[in-house]
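S.K.: Residue numbers (the numbering used here): 1345 to 1532. For each residue, glycine too, the CB sits at the ideal point set by N, CA and C. This structure is a prediction, so every number in the text was calculated from the model and none was measured. Can you keep this structure in mind? I'll have questions shortly.
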């Protein structure tokens, strides 16, 4: 697949089944992630792979975090959290490693980590792997961060679900670029 094809046509694929990406495919996924723009070469990201029975462990961690939320927490909310990681054969947790730096602010580091996550999605699409980026409130839970072993200055920015598309992915809608692109300065 040509790079421009992936950039113009990638779509989220939420219905995923076995098999998970192979070792060779994963090498391409993470290789693409490491090509993210990264001022200062800080590599402000890292990744956890969650598969097999570890998805159930992650589900229990998310269910615990759901129970700790403020407000009314229903059994349906807890079950949804518990079953979330089971929606795909592989979950990649994308973690931003934000560092104090005189020249490169944490906001740029966070963007670099987001670009790394997007690189994984693009590489997945290019290889015919289904992928969707999900987060939700529980991704930002201190309980989840602790359970995943995050260090000071680290935060979850994405749960990437990867696997084989259950059905043919939808076709990307074409946007009207004029709605998003304008010249500056604008006309008076």
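Using a Cβ-Cβ cut-off of 7 Å (strictly less than) and excluding sequence neighbours within five positions of residue 1379, which residues of its own chain qualify?
M.R.: Same-chain partners within the cutoff: 1463.
S.K.: In chain order, what residues of the same chain lie with their CB nearer than 6 Å to the CB of residue 1345, ignoring the 5 residues before and after it?
M.R.: If we look at residue 1345 and ignore the five residues flanking it on each side, its Cβ neighbours are 1470.
S.K.: Where residue 1513 and residue 1391 are concerned, what is the direct C-alpha to C-alpha distance, given to the nearest angstrom?
M.R.: About 25 Å.
S.K.: Going by DSSP in three states, residue 1371 sits in which element: helix, strand or coil?
M.R.: DSSP places residue 1371 in helix when its eight states are reduced to three.
S.K.: Within a Cβ cutoff of 6 Å, which residues of the same chain sit near residue 1356, ignoring the five residues on either side of it in sequence?
M.R.: Correct list, in chain order: 1476.
S.K.: Apply the 10 Å Cβ neighbour rule to residue 1453 and answer buried if 16 or more other Cβ atoms are within range, or exposed otherwise.
M.R.: Classification of residue 1453: buried, given that the 10 Å Cβ count is 16 or more.
S.K.: When we look at the beta-carbon of residue 1503 and count the other beta-carbons within 10 Å, is it buried (16 or more) or exposed?
M.R.: Buried, since its Cβ has 16 or more Cβ neighbours within 10 Å.
S.K.: Can you tell which of 1506, 1507, 1487, 1510 has its C-alpha closest to the C-alpha of residue 1500?
M.R.: The candidate whose alpha carbon is nearest that of residue 1500 is 1487.
S.K.: Checking the sheet assignment: what are the DSSP bridge partners for residue 1439?
M.R.: Its beta-bridge partners are 1390, 1500.
S.K.: What do you get for residue 1485, buried or exposed, if any count of 16 or more other CB atoms within 10 angstroms of its CB means buried?
M.R.: So residue 1485 counts as buried.
S.K.: Would you tell me roughly how many angstroms separate the C-alpha atoms of residue 1425 and residue 1481, rounded to the nearest one?
M.R.: If you take the alpha carbons of residue 1425 and residue 1481, they lie about 10 Å apart.
S.K.: Enumerate, from N- to C-terminal direction, the unbroken beta strand (DSSP E) stretches of 3 or more residues contained entirely within the region 1402-1472.
M.R.: Those beta strand (DSSP E) runs which fall completely within the region 1402-1472 and span 3+ residues are 1434-1441.
S.K.: Put residue 1399 into one of helix, strand or coil per three-state DSSP.
M.R.: Of the three classes helix, strand and coil, the one that applies to residue 1399 here is helix, per DSSP.
S.K.: Specify, as a first and last residue, the run of the alpha helix (DSSP H) that residue 1491 falls within.
M.R.: First-last of the alpha helix (DSSP H) with residue 1491: 1486-1491.
S.K.: Quick one: grab the DSSP three-state call for residue 1506.
M.R.: Three-state result, residue 1506: strand.
S.K.: Should residue 1456 go down as buried or exposed, given a rule of 16 or more other Cβ atoms within 10 Å for buried?
M.R.: Per the 10 Å Cβ criterion, buried.
S.K.: Reducing DSSP to helix, strand and coil, say where residue 1360 ends up.
M.R.: Residue state, collapsed to three classes: strand.
S.K.: Which of the three DSSP states is assigned to residue 1483 in this structure?
M.R.: Residue state, collapsed to three classes: helix.
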